[in-house]
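**Q**
There are 2 protein chains.
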Amino acid sequence: MTDTADNAALSPQSGKPPLRIALAGLGTVGAGVIRLVEANADLIARRAGRPIKVSAVSARDRGKDRGVDLSPYAWEDDMTAMAARDDVDVVVELVGGSDGPALVLARNAIRHGKALVTANKAMIAHHGMALAKEAEAQGVAMRFEAAVAGGIPVIKGLREGAAANRVERLYGILNGTCNYILSTMEDTGRDFAEVLSEAQAKGYAEADPTFDIEGIDAAHKLSILSAIAFGAKIDFGSVDTQGISRILAADIAQADSLGYCIRLIGTAEADAGPDGTPGLFQRVAPHLVPFDNLLAHVDGPTNAVVVEGNFSGRLLFQGAGAGDGPTASAVVADLIDIARGMDTGFEADMAFSIPVDGLEDMAPAPAGHRLGRAYIRFLVADRPGVLAEITAAMRDAGVSIESLIQKGQASKDGAVIVAIVTHEVPEAAVAKALTLLEGSPSLVGQPLVMQILGA
Amino acid sequence: MTDTADNAALSPQSGKPPLRIALAGLGTVGAGVIRLVEANADLIARRAGRPIKVSAVSARDRGKDRGVDLSPYAWEDDMTAMAARDDVDVVVELVGGSDGPALVLARNAIRHGKALVTANKAMIAHHGMALAKEAEAQGVAMRFEAAVAGGIPVIKGLREGAAANRVERLYGILNGTCNYILSTMEDTGRDFAEVLSEAQAKGYAEADPTFDIEGIDAAHKLSILSAIAFGAKIDFGSVDTQGISRILAADIAQADSLGYCIRLIGTAEADAGPDGTPGLFQRVAPHLVPFDNLLAHVDGPTNAVVVEGNFSGRLLFQGAGAGDGPTASAVVADLIDIARGMDTGFEADMAFSIPVDGLEDMAPAPAGHRLGRAYIRFLVADRPGVLAEITAAMRDAGVSIESLIQKGQASKDGAVIVAIVTHEVPEAAVAKALTLLEGSPSLVGQPLVMQILGA
């Protein structure tokens, strides 16, 4: 703790000086953090054992109205300068972006011996290992509860609450935008593009929605959760990532009639590959979720994570996946943890539950040998022989069919929908069947394959 | 850390000595803890920064086969003696019972400067404040994650994950036995007594099920959660507690037809009473839960807790509420926390998030002024004029009726069921209506009132 005038303002309760923070990035989350530390100041001081005090703030545009009074706080035009301030114990990075100013600030904060709290999933997914290693070397805390699943304390749940368990599988709904779009398509029967536009208008989707709808945001979060759950180094690059933009209203109707809803699911599992090599399987993709699964009732911009531990059994964490209030709640929870413990250095090695050098380098597990049931949707020309061609390919690839539904006209160009649900087969067999069908004049466009989420 | 021969066995990773525990009580949970620390030993050592090692065990019957090999561990006939052992850092109390040997052991452990980990909800509900105060004075940790909701890290979720929030309401399903009975009655249409017998045969209910079915166990847990959520002293005595034994198969059918299931819900809310006095309302009672509520899909012996924070919004924690594996998972999570931090004394004041002297004495809030919709079920004699009598009493008490259903014959003595759902009214008005009907020859037995869980 640096010795400054602030130390005069000791907490009446504990005699400890306030925890002093610098806040970089004053978007909705940054403004939310300021509102929260002001609104709940007394309660936070009681729980943290000392007040949490904003010393300085920084953002691109000083003049912008953010609905909060910034005049009590020092303003820094150069956010990196905050890392060097004597009146700052923790730098809160809410700028966003995997590299650039956020990363420069994060590194500088740690190098100056400040604790780092961030909501930046992209930065942690790409640079989390390097940052955690620097934080360990400096003996400062690095925390990122707000980077995954908004206000849900799932990182704490994994890192501490489920710490006694070997995690067998982890899966969840990690992107509120996709979940809002899919559950709205389900409720209204409308098409993807239309619902996306509406989500953009309502502020549930960004103007450039690529990171969300292509599954990249969920993959960032999944790779962070995987590292903690499996004691492995973050491996964002190995997440098999598919988005939701190819899903048709007809897929949702079809799934519904079979007893499923469609959700973008991130799933991670320790998996001995076909040759027995231990590895880690990570995937973000739309899945068919049986109505009796815990995740089937997660609608709107909600997030939910299921952790299957070898002693705990199945744990579900659910709540708001984004928004200023929930995200600020997670940021300030991290600050309270640091306020409770930072003088002792206790927090320093805890970013990923295990010090970085103790995290395993787990090889990415391939998907081909994985057994599962799949939903395969074809758009086909409406002419005789198409079904025979498809079912022959399935037979030749060893894919056993549980049900096949051919529906009437689906699109203006006269294509019709054929949807197949397979029995449990290796994913490679499904891939082989599609290879056999490649180039067939019967098919209109690429088939869409979605796995059915297993119990 | 006491200086003993064990310090020679340093953890290769951190150089820290093992955390040494004494285990009192070797029922299913105690045996589960031993299985867990053995099965996941490597992983626990990686996450805790040092091994967790059982030094001594104690139980009533040394000879009993518990499916685990106890020979590596010192046996104490007198469990209290474990508190004084030099080779013990933490006493794990799994004996049960609010007083008696469990309490003697807990006090002795703390007085000897040992950390205390317990799964004993009754002891914490009755003596948690006194024990936490002694633990603070001694500077030792006291933890009880396993006392509430089995393997679900909900105490951690409240105390740390949601720490930044003013909790507005907390509610949940806190007793797996009741939830199993109610969801089985729902699935099978059978009566309470029959399903209870089956639950006893399957081991989901005790031979003496009173604590479970009368809501006392859930009230223990609720009072513990309330203290943490609202920063208040535990006040188990003020929990308005009703059980599930009066619920008929017909109530469940009736609720179902109206769009509700019936669940035993513990609910706590900071509540300014009718005169504006701040207070804490705590109740355990069967409620009608709308099908679209998060808790309506919680079936079988599962527990679930919803925390509504003023910034986080609604957080849901769900999982197995009992059983050896889940409960052991919570016990060992507490041990890992202590292993990570106990050398620093950081854990000492954290039992209830705020030191005991900082917890508020919140007055119990009365129920009468609380607004809600209620389900009132009468058993009535099948004769003319009964409905007029009931509806007149409702009118005179100011209770507005949303729906009234009279069903055919319900019991062998010719009584029929009349079920009323009220509009939103003060609870006192419902009570007054029932007072007006008291002693009426039309009524067979006491009416049953259940509140409808509000959004």
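Going down the list, the sequences are from chains A and B.
Residues in the first sequence are numbered consecutively from 1, following UniProt numbering.
Residues in the second sequence are numbered consecutively from 1, following UniProt numbering.
Glycine included, every Cβ here is placed at the ideal spot set by N, Cα and C.
Only a predicted model underlies this, so the values are computations on that prediction, with no experimental measurement involved.
If you draw a straight line from the alpha carbon of G139(B) to that of F352(B), how long is it in whole angstroms?
**A** Sequence index remark: in the second sequence, residue 139(B) carries index 139 (1-based). Sequence index remark: in the second sequence, residue 352(B) carries index 352 (1-based). Spanning the two alpha carbons is a distance of roughly 14 Å.
**Q** Determine the direct distance from the alpha carbon of H127(B) to that of D99(B), and round the result to whole angstroms.
**A** In the second sequence, residue 99(B) corresponds to position 99, counting from 1. In the second sequence, residue 127(B) corresponds to position 127, counting from 1. Computed Cα separation, rounded: 9 Å.
**Q** Examine the Cβ distances between the segment 199-216 of chain A and the segment 154-168 of chain A and report whether three or more of them are shorter than 8 Å.
**A** In short, these stretches do not touch, since the Cβ pair count stays below three.
**Q** Considering only the beta carbon of each residue, do D240(A) and R283(A) sit closer than 7 Å?
**A** Looking up residue 240(A) in the first sequence gives position 240. Looking up residue 283(A) in the first sequence gives position 283. Against a cut-off of 7 Å, the Cβ pair of R283(A) and D240(A) comes out as a contact.
**Q** Rounded to whole angstroms, what's the CA-CA distance from L434(A) to Q446(A)? Just pull it up for me.
**A** Residue mapping note: residue 434(A) aligns to position 434 of the first sequence, counting from 1. Residue mapping note: residue 446(A) aligns to position 446 of the first sequence, counting from 1. Taking the straight line from one Cα to the other gives about 9 Å.
**Q** Taking contact to mean at least 3 C-beta pairs separated by less than 8 Å, is the segment 312-327 of chain A in contact with the segment 299-315 of chain B?
**A** Flag = yes, the segment 312-327 of chain A and the segment 299-315 of chain B touch.
**Q** How long is the line joining the alpha carbons of L174(B) and A250(A), rounded to whole angstroms?
**A** Position 174 of the second sequence, counted from the first residue, corresponds to residue 174(B). Position 250 of the first sequence, counted from the first residue, corresponds to residue 250(A). For L174(B) and A250(A), the distance between alpha carbons rounds to 41 Å.
**Q** In the DSSP assignment, find the unbroken alpha helix (DSSP H) run with Q200(B) in it and report its ends.
**A** The residue given as residue 200(B) occupies position 200 in the second sequence. Looking at the DSSP string, the run of the alpha helix (DSSP H) that includes Q200(B) is F192 to K202.
**Q** For residue 459(B), which residues from the same chain have a beta carbon less than 7 Å from its beta carbon, with the 5 sequence-adjacent residues on both sides left out?
**A** Residue 459(B) lies beyond the residue range present for chain B, which begins at 1 and ends at 455; the question has no answer from this structure.
**Q** My assumption, with CB atoms under 8 Å, is that A229(B) sits in contact with L158(B). Please give the rounded CB distance.
**A** By 1-based counting over the second sequence, the position of residue 229(B) is 229. By 1-based counting over the second sequence, the position of residue 158(B) is 158. The pair is a contact, with the Cβ atoms about 5 Å apart (cut-off 8 Å).
**Q** Closer than 9 Å by beta-carbon distance: list the chain A residues that pair up with K156(B), in chain order.
**A** Working through the second sequence from its first residue, we reach residue 156(B) at position 156. Residues of chain A passing the Cβ test: P153, K156, G157, E160 and G161.
**Q** What does I354(B) reach in chain A if we use C-beta pairs closer than 8 Å?
**A** Within the second sequence, residue 354(B) is the residue found at index 354, counting from 1. Here the neighbours are R46 and R47.
**Q** Along chain B, which residues have their Cβ under 9 Å away from the Cβ of F291(A)?
**A** What you label residue 291(A) is simply residue 291 of the first sequence in a count that begins at 1. Result: empty, since nearest Cβ-Cβ is about 10 Å, beyond 9 Å.
**Q** Nearest by alpha-carbon distance to I216(B): which of A253(B), T188(B) and S245(B) is it?
**A** In the second sequence, residue 216(B) corresponds to position 216, counting from 1. Comparing Cα-Cα distances from I216(B) to each of A253(B), T188(B) and S245(B), the minimum goes to S245(B).
**Q** Answer yes if the segment 262-280 of chain B comes into contact with the segment 128-138 of chain B, meaning at least three C-beta pairs across the two stretches below 8 Å, and no otherwise.
**A** These segments do not touch.
**Q** Grab me the residues of A333(A)'s own chain with a C-beta within less than 7 Å of its C-beta, minus the 5 sequence neighbours each way, in chain order.
**A** By one-based count along the first sequence, residue 333(A) stands at place 333. Within the same chain, A333(A) has close Cβ partners E145 and P153.
**Q** Beta-carbon of I336(A) versus every beta-carbon of chain E: anything under 7 Å?
**A** No chain E is part of this structure, whose protein chains are labelled A and B.
**Q** Report the rounded CA-to-CA distance for M350(B) versus M79(A), giving the unit in angstroms.
**A** As a first step, residue 350(B) is located in the second sequence; it is residue number 350 there, counting from the start. As a first step, residue 79(A) is located in the first sequence; it is residue number 79 there, counting from the start. The straight-line gap from Cα to Cα measures roughly 35 Å.
**Q** For R46(A), count the other beta carbons within 10 Å of its own beta carbon; 16 or more makes it buried, fewer makes it exposed. Which is it?
**A** On the first sequence, residue 46(A) is found 46 positions in, with the first residue counted as 1. Counting Cβ neighbours within 10 Å, R46(A) comes out buried, since at least 16 surround it.
**Q** In angstroms, rounded to a whole number, what distance separates the CA positions of G237(B) and A374(B)?
**A** Residue 237(B) sits at position 237 when you count from the first residue of the second sequence. Residue 374(B) sits at position 374 when you count from the first residue of the second sequence. Each residue's Cα considered, the two are about 24 Å apart.
**Q** Using a Cβ cut-off of 9 Å, pull out every chain B residue sitting near A31(A), in sequence order please.
**A** Residue 31(A) sits at position 31 when you count from the first residue of the first sequence. Within chain B, no residue comes near A31(A); the closest Cβ sits about 12 Å away, beyond 9 Å.
**Q** Are the CB atoms of V90(A) and V117(A) nearer to each other than 7 Å?
**A** Here residue 90(A) refers to the residue found at position 90 of the first sequence. Here residue 117(A) refers to the residue found at position 117 of the first sequence. In this structure, V117(A) lies closer than 7 Å to V90(A) by Cβ.
**Q** So, is the C-beta of L43(B) closer than 7 Å to a C-beta in chain A?
**A** Taking the second sequence and counting its residues from 1, one reaches residue 43(B) at position 43. Yes - at least one Cβ of chain A is within 7 Å of the one on L43(B).
**Q** Looking at N303(B): is its Cβ nearer than 7 Å to the Cβ of G439(B)?
**A** Here the question's residue 303(B) lines up with position 303 in the second sequence. Here the question's residue 439(B) lines up with position 439 in the second sequence. No, these two residues do not count as a Cβ contact at 7 Å.
**Q** Does DSSP put D357(A) in a helix, in a strand, or in coil?
**A** Counting from one through the first sequence, the residue named residue 357(A) turns up at place 357. The answer is helix: DSSP assigns D357(A) an H, G or I state.
**Q** Where T4(B) and G341(A) are concerned, what is the direct C-alpha to C-alpha distance, given to the nearest angstrom?
**A** Translated into the one-based positions of the second sequence, residue 4(B) becomes position 4. Translated into the one-based positions of the first sequence, residue 341(A) becomes position 341. Low confidence applies to T4(B): its pLDDT is 39, below 50, so where it sits in the model is not reliable enough to give any reading.
**Q** Quick check: I262(B) and P286(B), are their CB atoms within less than 7 Å of each other?
**A** For the purposes of this step, residue 262(B) is taken as the residue at position 262 of the second sequence. For the purposes of this step, residue 286(B) is taken as the residue at position 286 of the second sequence. Yes.
**Q** Less than 7 Å between CB atoms is the rule here; does D256(A) satisfy it with respect to chain B?
**A** Position 256 of the first sequence holds residue 256(A). Closer than 7 Å: no.
**Q** Which residue comes first and which comes last in the alpha helix (DSSP H) that contains G266(A)?
**A** Within the first sequence, the letter at position 266 stands for residue 266(A). It is not in any alpha helix (DSSP H) - G266(A) instead sits in the beta strand (DSSP E) that spans Y260 to A272.
**Q** Which full runs of the beta strand (DSSP E) of 3+ residues lie inside the segment 160-189 of chain B, going along the chain?
**A** The qualifying runs are 167-173.
**Q** If we define contact as Cβ-Cβ less than 7 Å, is H297(A) a contact residue for chain B?
**A** Looking up residue 297(A) in the first sequence gives position 297. Cβ-Cβ to chain B under 7 Å: yes for H297(A).
**Q** Please check if any C-beta of chain B sits within less than 7 Å of the C-beta of G313(A).
**A** Against the first sequence, residue 313(A) aligns to sequence position 313. Yes, G313(A) lies at the interface with chain B (some Cβ there is under 7 Å from its Cβ).
**Q** At 9 Å on the CB atoms, spell out the chain B contacts of S245(A), in chain order.
**A** Here residue 245(A) is taken as the residue at index 245 of the first sequence, counted from 1. Near S245(A) there are no residues of chain B at all, since even the closest Cβ is about 28 Å away, more than 9 Å.
**Q** Within 8 Å, do at least three Cβ pairs link the segment 390-405 of chain B to the segment 360-370 of chain B?
**A** No, they do not touch.
**Q** Counting only Cβ-Cβ distances shorter than 9 Å, please list the residues of the segment 373-395 of chain A near chain B, keeping chain order.
**A** Result list empty, no residue passes.
**Q** I'd like to know whether the C-beta atoms of A83(B) and S55(B) end up nearer to each other than 7 Å.
**A** In the second sequence, residue 83(B) corresponds to position 83, counting from 1. In the second sequence, residue 55(B) corresponds to position 55, counting from 1. No, the pair does not count as a contact, with Cβ atoms beyond the cut-off.
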